[in-house]
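Below is one structure, written out as structure tokens, with a few remarks after it.
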Amino acid sequence: MSWDSKLIDRAKEIIELYPQKRSALGPLLYLAQEKEGYIDDDSVVEISKLIGITEVQVRSVASFYTMYKQEPSGKYLLSVCKSISCEINNSKEVIDNIKEFTGLANNETDIESTFTFEEVECIGACGGAPAVQINYETVEGVTPTKALELCKYLKEEVPEVIVADELQDKFGGTKSFDWAIEDNSGTSSTAPGFQIIGTSEEK
Amino acid sequence: MSENIKFTVNGNELEAKSGELLIEACENSGIHIPRFCWHKRLEPVGMCRMCLVEVETPRGKALVPSCTTEITEDLVVETESEVVTKAQEGILEFLLINHPLDCPVCDKAGECPLQDQTMAYGPGESRFVEEKRHFEKPISISEIILLDRERCILCARCTRFSDEISGDPLIEFIQRGNKTEVNTFPDEPFRSYFSGNTVQICPVGALTSTSYRFKARPWDLKKVSSTCNCCSVGCSIELNTSQNKMLRILGEDNEFTNQGWLSDKGRYNFDYLHSENRVLNILNKSEDSFNEISISEAMTKIKNKIDELDNPNVKFLLGSSSTNEEYFVINEIGNYLNKDKFLSRDSSNIYFGDDLLFEGYFGDQYSQAKLEDLDNSETIVVWAEDIKDNLPILYLRIKKAVKNGSKLIVFGHTNTSIAGLADFYFGADIVSNKFELIRNPNEIEDLKNNIEGKKVTVIAGKSTVFQKKESLDKLINFLNEKSELQVFNAFSKGNTFGALQNIDEVKGLNEFCNEFDTNAKNIVFTIGVNPVNSSFFGQKIKEKLIASDFVISLDLFVNETTELADLILPTTSLGEKEGTVTNMEMRVMKQNKILPAPGSTLSEWEYLSSILNVLGEDVNYKNENEINNYLSEKYINQEKLPTFDNLNKPSNLFGVINKKDININIKDLEEDNFSLLMVRRLYGDSSTQINSPSISMLGAHKFIELNSTTAKKYGINSKVGNLIQGPNSILINIDINEYLPDDLVIAPINRRGFENIDPCLDFDITEAKNREELNVN
Numbered sequence: 001m002s003w004d005s006k007l008i009d010r011a012k013e014i015i016e017l018y019p020q021k022r023s024a025l026g027p028l029l030y031l032a033q034e035k036e037g038y039i040d041d042d043s044v045v046e047i048s049k050l051i052g053i054t055e056v057q058v059r060s061v062a063s064f065y066t067m068y069k070q071e072p073s074g075k076y077l078l079s080v081c082k083s084i085s086c087e088i089n090n091s092k093e094v095i096d097n098i099k100e101f102t103g104l105a106n107n108e109t110d111i112e113s114t115f116t117f118e119e120v121e122c123i124g125a126c127g128g129a130p131a132v133q134i135n136y137e138t139v140e141g142v143t144p145t146k147a148l149e150l151c152k153y154l155k156e157e158v159p160e161v162i163v164a165d166e167l168q169d170k171f172g173g174t175k176s177f178d179w180a181i182e183d184n185s186g187t188s189s190t191a192p193g194f195q196i197i198g199t200s201e202e203k
Numbered sequence: 204m205s206e207n208i209k210f211t212v213n214g215n216e217l218e219a220k221s222g223e224l225l226i227e228a229c230e231n232s233g234i235h236i237p238r239f240c241w242h243k244r245l246e247p248v249g250m251c252r253m254c255l256v257e258v259e260t261p262r263g264k265a266l267v268p269s270c271t272t273e274i275t276e277d278l279v280v281e282t283e284s285e286v287v288t289k290a291q292e293g294i295l296e297f298l299l300i301n302h303p304l305d306c307p308v309c310d311k312a313g314e315c316p317l318q319d320q321t322m323a324y325g326p327g328e329s330r331f332v333e334e335k336r337h338f339e340k341p342i343s344i345s346e347i348i349l350l351d352r353e354r355c356i357l358c359a360r361c362t363r364f365s366d367e368i369s370g371d372p373l374i375e376f377i378q379r380g381n382k383t384e385v386n387t388f389p390d391e392p393f394r395s396y397f398s399g400n401t402v403q404i405c406p407v408g409a410l411t412s413t414s415y416r417f418k419a420r421p422w423d424l425k426k427v428s429s430t431c432n433c434c435s436v437g438c439s440i441e442l443n444t445s446q447n448k449m450l451r452i453l454g455e456d457n458e459f460t461n462q463g464w465l466s467d468k469g470r471y472n473f474d475y476l477h478s479e480n481r482v483l484n485i486l487n488k489s490e491d492s493f494n495e496i497s498i499s500e501a502m503t504k505i506k507n508k509i510d511e512l513d514n515p516n517v518k519f520l521l522g523s524s525s526t527n528e529e530y531f532v533i534n535e536i537g538n539y540l541n542k543d544k545f546l547s548r549d550s551s552n553i554y555f556g557d558d559l560l561f562e563g564y565f566g567d568q569y570s571q572a573k574l575e576d577l578d579n580s581e582t583i584v585v586w587a588e589d590i591k592d593n594l595p596i597l598y599l600r601i602k603k604a605v606k607n608g609s610k611l612i613v614f615g616h617t618n619t620s621i622a623g624l625a626d627f628y629f630g631a632d633i634v635s636n637k638f639e640l641i642r643n644p645n646e647i648e649d650l651k652n653n654i655e656g657k658k659v660t661v662i663a664g665k666s667t668v669f670q671k672k673e674s675l676d677k678l679i680n681f682l683n684e685k686s687e688l689q690v691f692n693a694f695s696k697g698n699t700f701g702a703l704q705n706i707d708e709v710k711g712l713n714e715f716c717n718e719f720d721t722n723a724k725n726i727v728f729t730i731g732v733n734p735v736n737s738s739f740f741g742q743k744i745k746e747k748l749i750a751s752d753f754v755i756s757l758d759l760f761v762n763e764t765t766e767l768a769d770l771i772l773p774t775t776s777l778g779e780k781e782g783t784v785t786n787m788e789m790r791v792m793k794q795n796k797i798l799p800a801p802g803s804t805l806s807e808w809e810y811l812s813s814i815l816n817v818l819g820e821d822v823n824y825k826n827e828n829e830i831n832n833y834l835s836e837k838y839i840n841q842e843k844l845p846t847f848d849n850l851n852k853p854s855n856l857f858g859v860i861n862k863k864d865i866n867i868n869i870k871d872l873e874e875d876n877f878s879l880l881m882v883r884r885l886y887g888d889s890s891t892q893i894n895s896p897s898i899s900m901l902g903a904h905k906f907i908e909l910n911s912t913t914a915k916k917y918g919i920n921s922k923v924g925n926l927i928q929g930p931n932s933i934l935i936n937i938d939i940n941e942y943l944p945d946d947l948v949i950a951p952i953n954r955r956g957f958e959n960i961d962p963c964l965d966f967d968i969t970e971a972k973n974r975e976e977l978n979v980n
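Here the protein sequences come in this chain order: D and W.
So the first sequence is numbered by our numbering: it starts at 1 and just counts up by one.
So the second sequence is numbered by our numbering: it starts at 204 and just counts up by one.
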């Protein structure tokens, strides 16, 4: 589906932030991902028109970075860290539990489109290992049991907006660093919630 | 920067320019470092790691890629040490992990850098037992290019070429890591005028062209250097044949002209040489059909006809594919059959088949530009027909100059394809829809500020046959007065400048129509030209040819023009004749022969001198070389003559620039009320192209271009429509081009379906509903 005028206006605002149009490519891809859950061909065409590069150049960037999804994700994207710190702190079991609960292998989405599961490299929360992300909202210090509870909560409550702090309170443990700033904005899609790009949502 | 510095390679002290890349400096000193991704005309990228060498650093010896390392004073380099050898073996082993090693069925085998360098630097045996990655074997990424992703080693030469050099990045790396592949965007094929270059620079057999695929093995090819004749840039090419068939044309790196690149038309427009439609025997028209006759019968016929008609008017219509030697003989016979034999007539009877030819800017007051001047120009000004379509390699040179900092000023309305490159594009507020300057050049601030006292190269030519010379004069004279000006006359067709140099007085097709006296007896020669199909005057010329008493065509095919002839003398073409051609810089270059003349074809000069003989003139040219010597005598600079002997010297392989007096006598067309701007596109329906199956489909795209305001005026919203004029209706694609002024509609001239469209008559455009309708028709 091509972009509506509201989305195009938002895209133009983002382009304004950069000295060169093509520099806005990254954020625009997130915008596309927020809209469709992945980077679809129509969005690629729209973006290429907006910033004046060819479609294949947009696709090249979109397919290089794993956080730009090439296939539709479920409502909740579960990213579990498998890098060294988390591994030492038993991420294996967290991963196994989530896999068992959702019935998904790496990079799979369930039929109901509720969950997409992926194992990822370091998400920068080593101090609070093991860590998981739900739609890129980080929860640290998760235990295998808490991970299961988290999945159940998502499946049963189906929250519209995912806010990191909220999930941290319910399911998290040790945090790597407490910024002591209450952050109430989260994300309602499988794109990371950036206020400046406009992909974040107030709870 | 240009200061020489010393550095050491393998214990030998060498010199190179500061800032030069290590790989290039070594190459210049005769030390070869293996590489895949590095290409001297592309930006270095350090992708393949094959060029790793050992250099001494303060922390000991280290391996660095020599293609991204600039040499510095006293740099110490090892290119053959044990560590380097091991690195090379390792890199090759990595590169071969996913390479299918299907050399026995690969077109590249035999001239493949991966194969060659694996032999020279590889580990000798493979330790890889796992499954290689698989892709669908070749996918077509355009009508003429195929891509085999299994063979690709991800050197990024093709993607860099299309981004940096040709400026149409329609192929890119998709995915990452082990999954990386080169591909296009779905539904957006690699439609580039320069796509063939990616096939030539691909270091493996990943990119292949439809025309050469599975045709030959490189070691069976016979090769000769020559010069392309598709446009007047005169690119250096290498003709590859096998078993007397032209199989491939490659670009040669001529520093002064094409720098290795070719347009796809220059590269793939050769299948016609072996087309079954080609005329191979002399055809004589009796009643309404052609029958074959011998050369002696033909000559007798011509002599009898000239005698019988008793002092006829003889006129010559010329094309742009003859060599200088042939033009020289055409000039001889033109003079003989005119002022020498029939003393009453002293004006020229030779007419050149290019609607856009006009008097141009020659002579002492204008300095003739060279392509290398573009690189040194502070500003480049373009006002001519579409450069990208008609002089594609000139477009690449302009693009390169702009990238290196030259300012580009483009006048409307035909060069919209380079408008995006331009610093200033002068559209509707400066150039009227009739191609007149609305404002005086000295009132245009952006022009004035960028040319005054600066080095400027102008590319000047008519954009349409209706354009008046006056406005161009105004601009050129202004530039000439205010700047250090070099001028290119943008006459784009093949060997136009060779014709201008070797024919005493050249006239145009309009003059032909005006001077043709229907009441007199007329003989017309058409030589390698098809004006009935490709000219604005086509219909008029057709009438004149029908009204002529005798028409003799020297050509390759029976086409719209030659079918009107009484006698068709089949001629030779690229690779079948030897001679010289002159490009737009007045650079004379050699065309070489590698194929025998097929059937009973002869060169144009052989026919013409036979005709002179049969008419009793004592001319006896033995071969091209002799004619070349005659014509060389007329060059102004007698020191550097473009004789065959000179041109065959290694130091002159890039051609020799020399001048002759040029005399063009073509007046502006009186009418200028045109409703449709008809332009030439790179591909069209010339008889050579429609008889070259590998590219013939590229000239079939039917379209018009207009801006959105004009589209609204016609009430068009869709991308498909009908162009209607009288009884003609053509289903067309409607391309919106916002650089065009209001009320100007562009349509292609050299295109099937458009032959009955008259640019002077009113037309209408209506919407066609959808693409399905296009398919139904």
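For every residue, glycine included, the Cβ atom is placed at its ideal position computed from N, Cα and C.
Asked	Found
Measuring CB atoms only, is the region 88-95 of chain D touching the region 126-136 of chain D, in the sense that at least three cross pairs come out at less than 8 Å?	yes
Go to residue 83 of chain D, then tell me how far its beta strand (DSSP E) extends in each direction, as first and last residue.	From DSSP, residue 83 of chain D is part of no beta strand (DSSP E); its letter is neither H nor E.
Give me the chain W residues within the contact set of residue 108 of chain D, using Cβ-Cβ distance strictly less than 9 Å, ordered along the chain.	Chain W residues near residue 108 of chain D: none, gap ~17 Å exceeds 9 Å.
According to a CB-to-CB cut-off of less than 8 Å, which residues of the region 374-388 of chain W neighbour chain D?	374, 375, 376, 377, 378, 379, 386, 387, 388
Name the residue from W:352, W:227, W:288, W:350 whose alpha carbon lies nearest to the alpha carbon of residue 323 of chain W.	W:288
Between which two residues does the beta strand (DSSP E) containing residue 454 of chain W stretch?	448-454
Closest to residue 894 of chain W by CA distance: which of W:382, W:417, W:477 is it?	W:477
Look at the alpha carbon of residue 234 of chain W and the alpha carbon of residue 798 of chain W, and state the distance between them as a whole number of angstroms.	37 Å
Who pairs with residue 969 of chain W in a beta bridge, going by DSSP?	W:925
Using a Cβ-Cβ cutoff of less than 7 Å, which residues in the same chain neighbour residue 419 of chain W once the five nearest sequence positions on both sides are dropped?	445, 450
Exposed or buried, which one is residue 197 of chain D when buried takes at least 16 other CB atoms within 10 Å?	buried
Is the Cβ of residue 55 of chain D closer than 9 Å to any Cβ of chain W?	yes
With a threshold of 9 Å between beta-carbons, can residue 44 of chain D be considered close to chain W, or not?	yes
Rank W:889, W:925, W:948, W:885 by C-alpha distance to the C-alpha of residue 913 of chain W and give the top, closest one.	W:948
With 16 as the cutoff for other CB atoms within 10 Å, does residue 232 of chain W come out buried or exposed?	exposed
To the nearest angstrom, how far is the alpha carbon of residue 733 of chain W from that of residue 744 of chain W?	10 Å
Using beta carbons (cut-off 9 Å, strictly below), is residue 758 of chain W in contact with chain D?	no
If you draw a straight line from the C-alpha of residue 516 of chain W to the C-alpha of residue 533 of chain W, how long is it?	16 Å
Tell me the DSSP secondary structure of residue 575 of chain W in three-state form.	helix
Residues of the region 52-83 of chain D in Cβ contact with chain W at a cutoff of 7 Å, in chain order, please.	54, 55, 56, 57, 59, 60, 63, 64
For residue 391 of chain W, return the contacting residues in chain D, with the cut-off set at a CB-CB distance below 8 Å.	54, 55, 56
Residue 40 of chain D CB to nearest chain W CB: under 9 Å?	no
How many whole angstroms separate the CB atoms of residue 693 of chain W and residue 587 of chain W, which I take to be in contact at a CB cut-off of 8 Å?	4 Å
Check residue 75 of chain D in the structure and name its three-state DSSP category.	coil
For residue 789 of chain W, which residues from the same chain have a beta carbon less than 8 Å from its beta carbon, with the 5 sequence-adjacent residues on both sides left out?	571, 700, 704, 860, 861, 862
Tell me whether residue 356 of chain W sits in a helix, a strand or coil according to DSSP, three-state version.	coil
Short of 8 Å in beta carbon distance, which residues of its chain neighbour residue 88 of chain D, apart from the five on each side in sequence? Order them along the chain.	129
Give the secondary structure of residue 546 of chain W by DSSP, where H, G and I count as helix, E and B as strand, and everything else as coil.	Note on residue 546 of chain W: pLDDT 48, under 50, position unreliable in the model; the coordinate value appears next. Of the three classes helix, strand and coil, the one that applies to residue 546 of chain W here is coil, per DSSP.
Out of curiosity, what's the CA-to-CA distance linking residue 154 of chain D and residue 76 of chain D?	8 Å
In its own chain, which residues sit with a C-beta less than 7 Å from the C-beta of residue 955 of chain W, not counting the 5 before and 5 after it?	888, 903
Should residue 546 of chain W go down as buried or exposed, given a rule of 16 or more other Cβ atoms within 10 Å for buried?	In this predicted model, residue 546 of chain W has a pLDDT of only 48, less than 50, meaning its place in the structure is not dependable; the value taken from the coordinates is given anyway. By the 10 Å Cβ count, residue 546 of chain W comes out exposed.
Does the structure place the region 400-416 of chain W close enough to the region 462-471 of chain W that three or more beta carbon pairs sit under 8 Å?	yes
From residue 610 of chain W to residue 653 of chain W, what distance separates their C-alpha atoms?	8 Å
On a CA-only basis, which of D:169, D:55, D:51 is nearest residue 16 of chain D? Give me that one, please.	D:51
So residue 757 of chain W and residue 774 of chain W are in contact, right, with Cβ under 8 Å, and what is the actual spacing, rounded?	5 Å
Taking 9 Å as the CB-CB limit, is residue 316 of chain W close to chain D?	no
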